[in-house]
Amino acid sequence: MALSGSLQRGLQEKRWLLWLRREAVCVRRLGLGLVVHHRHPEVKIMTEKELLAVACEQFLGKNVQDVKNVVLQTLEGHLRSILGTLTVEQIYQDRDQFAKLVREVAAPDVGRMGIEILSFTIKDVYDKVDYLSSLGKTQTAAVRRDADIGVAEAERDAGIREAECKKEMLDVKFMADTKIADSRRAFELQKAAFTEEVNIKTAEAQLAYELQSAREQQKIRQEEIEIEVVQRKKQIDVEEKEIIRKEKELIATVKRPAEAEAYRIQQIAEGEKVRRVLLAQAEAEKIRKIGEAEAFVIEAIGMAEAERMKLKAEALQSYGEAAQLALVLDALPEIAAKVAAPLSRVDEIVVLSGESGNVTSEVNRLLAEIPASVRAITGVDLTKIPLIQKATGAQA
Numbered sequence: 001m002a003l004s005g006s007l008q009r010g011l012q013e014k015r016w017l018l019w020l021r022r023e024a025v026c027v028r029r030l031g032l033g034l035v036v037h038h039r040h041p042e043v044k045i046m047t048e049k050e051l052l053a054v055a056c057e058q059f060l061g062k063n064v065q066d067v068k069n070v071v072l073q074t075l076e077g078h079l080r081s082i083l084g085t086l087t088v089e090q091i092y093q094d095r096d097q098f099a100k101l102v103r104e105v106a107a108p109d110v111g112r113m114g115i116e117i118l119s120f121t122i123k124d125v126y127d128k129v130d131y132l133s134s135l136g137k138t139q140t141a142a143v144r145r146d147a148d149i150g151v152a153e154a155e156r157d158a159g160i161r162e163a164e165c166k167k168e169m170l171d172v173k174f175m176a177d178t179k180i181a182d183s184r185r186a187f188e189l190q191k192a193a194f195t196e197e198v199n200i201k202t203a204e205a206q207l208a209y210e211l212q213s214a215r216e217q218q219k220i221r222q223e224e225i226e227i228e229v230v231q232r233k234k235q236i237d238v239e240e241k242e243i244i245r246k247e248k249e250l251i252a253t254v255k256r257p258a259e260a261e262a263y264r265i266q267q268i269a270e271g272e273k274v275r276r277v278l279l280a281q282a283e284a285e286k287i288r289k290i291g292e293a294e295a296f297v298i299e300a301i302g303m304a305e306a307e308r309m310k311l312k313a314e315a316l317q318s319y320g321e322a323a324q325l326a327l328v329l330d331a332l333p334e335i336a337a338k339v340a341a342p343l344s345r346v347d348e349i350v351v352l353s354g355e356s357g358n359v360t361s362e363v364n365r366l367l368a369e370i371p372a373s374v375r376a377i378t379g380v381d382l383t384k385i386p387l388i389q390k391a392t393g394a395q396a
């Protein structure tokens, strides 16, 4: 990419500044021809590789003056467009904000050409009909007016402050007088309190004297009572000794003989009691011994009877049928005697039969009861003896 000689040298130095020589821009605003003087705008070619390539592309084949003209036209175009959006008062009164708006609005456009705005300031703004100067006079008058108002307000504030100071002084004086009155009242109250305390102390002292006097009188009376108590105790001791003497005399003459007689009677009663107890114990021991002897005899008889029955049973087991029958027959007279024993004391026996009047049936009934009687006496069951079984079976 080929550049002009001067531009190429500026780009190679990386900080090549462009000075725009035009200082004024004329515009019409609200029918006024405004002239805006600005200081020399200072710009430079950006040194970043990408932006340097953009600058090379934009200004290829152009000299330095051509570059100045392009940048100047761009700045003036944005300056005119911004002037069209502001009032005359805004342009005249806030020049720094106006220049800042120009830089902010123009910076993106010149940046796309590889140019950076270093500075752009507004030097002066005026018109040909003295509108702005009149505006300045108005502002001056407003400033003077504000100054007069400020003076009046200051004087008013001074008066208010003076009144406040007087009021504060009066308040301080009132507070001081109040404190003096409070101090005087506190003094009087304290004095009254002291007087009251003195009176109280005096009364307490008088009361203490009276109390002490009463205590002394009470102490004297207490000592007198103690003396009376001691005397009464001595009198009581004398009386008690007399009572003891009389009691001893009574004991010697009456109580001791009575106690001796009572003791003798008591000893006799206790001896009789012991005798009866011993007799009862002996009788109980005798009954116990007799009971033990009878129990031993019964036990011995029972054991002998059991042994006899055992031997008898063993003998019956060893006997034959004939022998068992013989025993039964031997026992029959005893059985008959026992059955007839009650009848021996009867003079006359009348046998009453049933409605049939059959005596035989009554005899049979009595015979049927014999096996049970035999078993009770001999221990032999007749119903189990074969001979008896055969006999009873044949009769049946």
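Reading the sequence shown from the start, the letters are residues 1 to 396 in the UniProt record's numbering. Glycine included, every Cβ here is placed at the ideal spot set by N, Cα and C.
message = Let me check understanding here. Comparing Cα to Cα, which of 107, 108, 83, 110 lies closest to residue 98?
response = Closest by C-alpha distance to residue 98, out of 107, 108, 83, 110, is 83.
According to DSSP, is residue 296 part of a helix, a strand, or is it coil? Residue 296 falls in the helix class under three-state DSSP.
Grouping DSSP H, G and I as helix and E and B as strand, with all else coil, what is residue 159? In the structure shown, residue 159 sits in a helix (DSSP, three-state: H, G or I).
Near residue 293, which residues of its chain fall below 6 Å by C-beta distance, leaving aside the five closest residues on each side in sequence? Result list for residue 293: empty, nothing under 6 Å.
Problem - Exposure of residue 169, with buried meaning 16 or more beta-carbon neighbours within 10 Å - result: In this structure residue 169 is exposed. Its beta-carbon is surrounded by fewer than 16 other beta-carbon atoms within 10 angstroms.
field: Exposure label - residue 8; buried when at least 16 CB within 10 Å
entry: Per-residue confidence for residue 8 stands at a pLDDT of 44, beneath the threshold of 50, marking its modelled position as unreliable; the derived number appears in the next sentence. Within a 10 Å sphere around the beta-carbon of residue 8 sit fewer than 16 other beta-carbons, which makes this residue exposed.
Would you be able to state if there are at least three C-beta pairs under 8 Å between the segment 39 to 59 and the segment 111 to 120? Contact holds: three or more Cβ-Cβ distances are below 8 Å.
query: My guess is that residue 53 and residue 113 are in contact by the Cβ rule of under 8 Å, so how many angstroms apart are they, rounded?
result: About 12 Å separates the beta carbons of residue 53 and residue 113, which is beyond the 8 Å limit, so they are not a contact pair.
Just the C-alpha distance for residue 297 and residue 276, rounded to the nearest angstrom, thanks. Distance from the CA atom of residue 297 to the CA atom of residue 276, rounded to whole angstroms, is 31 Å.
task: Assign residue 63 to one of three DSSP states: helix, strand, or coil.
output: It is coil, neither helix nor strand.
### Query
If we count the other Cβ atoms within 10 Å of its Cβ and call it buried at 16 or more, is residue 45 buried or exposed?
It is buried - the Cβ of residue 45 has at least 16 other Cβ atoms within 10 Å.
Report task. Could you spell out the range, first to last residue, of the alpha helix (DSSP H) harbouring residue 53? Result -> Residue 53 -> alpha helix (DSSP H) spans 49 to 58.
| query | Mapping DSSP to helix, strand and coil, what is residue 178? | reply | Under the three-state reduction of DSSP output, residue 178 falls in the helix class.
- Query: For residue 59, does the count of other Cβ atoms within 10 angstroms reach 16, so buried, or fall short, so exposed?
  - Reply: Burial of residue 59 is indicated by the presence of at least 16 other C-beta atoms within 10 angstroms of its C-beta.
Item to complete: Please confirm whether residue 102 and residue 75 have their CB atoms less than 8 Å apart.
Response: Closer than 8 Å, so yes.
Environment of residue 229 [buried if 16+ CB atoms lie within 10 Å]
Here residue 229 is exposed, its C-beta having fewer than 16 other C-beta atoms within 10 Å.
Taking the alpha-carbon positions, what's the residue 481 to residue 220 distance?
Residue numbering for the chain in the displayed model covers 1 to 396; residue 481 lies beyond these limits and cannot be assessed.
What does the alpha-carbon distance come out to for the pair residue 310 and residue 289? When rounded, the separation of the alpha-carbon atoms in residue 310 and residue 289 is 31 Å.
Out of curiosity, what's the CA-to-CA distance linking residue 412 and residue 300?
Missing from the structure shown is residue 412; the chain here goes from 1 to 396 and no further.
ask   = Straight-line CA distance for residue 198 to residue 224?
value = Put simply, the backbone Cα of residue 198 is about 39 Å away from that of residue 224.
request  = Have a look at residue 196 and residue 205 and give me their C-alpha separation to the nearest angstrom.
outcome  = Roughly 14 Å between the two C-alpha positions.
Straight-line CA distance for residue 191 to residue 185? If I take the Cα positions, the gap works out to 10 Å.
Count the other CB atoms, across all protein chains shown, that sit within 10 Å of the CB of residue 172; report buried if there are 16 or more and exposed otherwise. Counting Cβ neighbours within 10 Å, residue 172 comes out exposed, since fewer than 16 surround it.
- For residue 278, does the count of other Cβ atoms within 10 angstroms reach 16, so buried, or fall short, so exposed? Exposed, since its Cβ has fewer than 16 Cβ neighbours within 10 Å.
Exercise. So what does DSSP say about residue 221, is it helix, strand or coil?
Worked result: If DSSP states are grouped into helix, strand and coil, residue 221 belongs with the helices.
Buried or exposed, going by whether 16 or more other CB atoms sit within 10 Å of the CB of residue 250? Within 10 angstroms of the beta-carbon of residue 250 lie fewer than 16 other beta-carbons, which makes it exposed.
Quick check on DSSP: helix, strand or coil for residue 406?
The structure shown does not extend to residue 406, since the chain is modelled only from 1 through 396, so no value can be given for it.
Length of the line joining the Cα atoms of residue 85 and residue 78: Distance between the alpha carbons of residue 85 and residue 78: 11 Å.
message: I'd like the list of long-range same chain contacts for residue 281, defined as Cβ closer than 7 Å, with 5 residues on each side in sequence excluded.
response: Listed in chain order, the non-local C-beta contacts of residue 281 below 7 Å within the same chain number zero, local neighbours out to five positions each way being set aside.
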